[in-house]
Amino acid sequence: MNNRKLGISGICTHCRNKLELASWQINAIAIRVDIVCPHCNQPLGLKCSRQRKALKNLDHLTTLRVSMLIFTASSMLVALVLEWIGLISVLAQLNFSLIMFYLYLYTLRRTREKHRLTLTLQAGGKKSQAQ
Ligand SMILES: [Zn+2]
C-alpha cells in the first residue's frame, strides 16, 4: 500500500481532530468507502458534494501540470530552433524562454495551492475493513 502524503487533510466532525490523509484513504473517500478515524475510531465519510467535486478536480490538475511541462519544453525548443535558423534574435529567444518558464512556475504554484485541500469528514455509516 502506498502511504505517501498528498497534502490533502481531513477534519473529523466527531472529535474535531485534523487527519493527514494518505493516498489510499483519499481513494477510499473518492469511491465512497468510509475510513476509520485514528483518534475516535468512528467511520468517516465525505458527504459534502461540493468537497467531493473539488476532490475529483484534483485529477484534472495533475493532467494540467504534465501538459504544461510538455507545452513549455516544446515552445522553448521551437524558440531555440527559430533562433538557430535566424528568424528571431538571441535576446528575443531568451525573453520568450523566460516568459514560458515563469508561466510554467506560476501554473505549478497554482496547482500546488489547489492541492492543499481540507475535507470535512462526517462520522456515521458502517465501519469498513480499511483502517
Ligand atoms: Zn475522530
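Per this note's numbering, the sequence shown starts with residue 2, numbered consecutively. No residue lacks a Cβ here, since even glycine has one placed at the ideal position from N, Cα and C.
Asked, Found
"L120 - DSSP class collapsed to helix/strand/coil", "strand"
"Assigned secondary structure, K48 (DSSP; H/G/I helix, E/B strand, else coil)", "coil"
"Own chain partners of Q43 with C-beta closer than 6 Å, once the 5 adjacent residues on each side are dropped", "H15 and A124"
"Reduced DSSP secondary structure (H/G/I, E/B, other) of V34", "coil"
"Cβ-heavy atom distance, Q43 to ligand 1, below 6 Å", "yes"
"S90 (DSSP reduced to helix, strand or coil)", "coil"
"Test item: CB-CB of Q52 and L120 under 7 Å", "yes"
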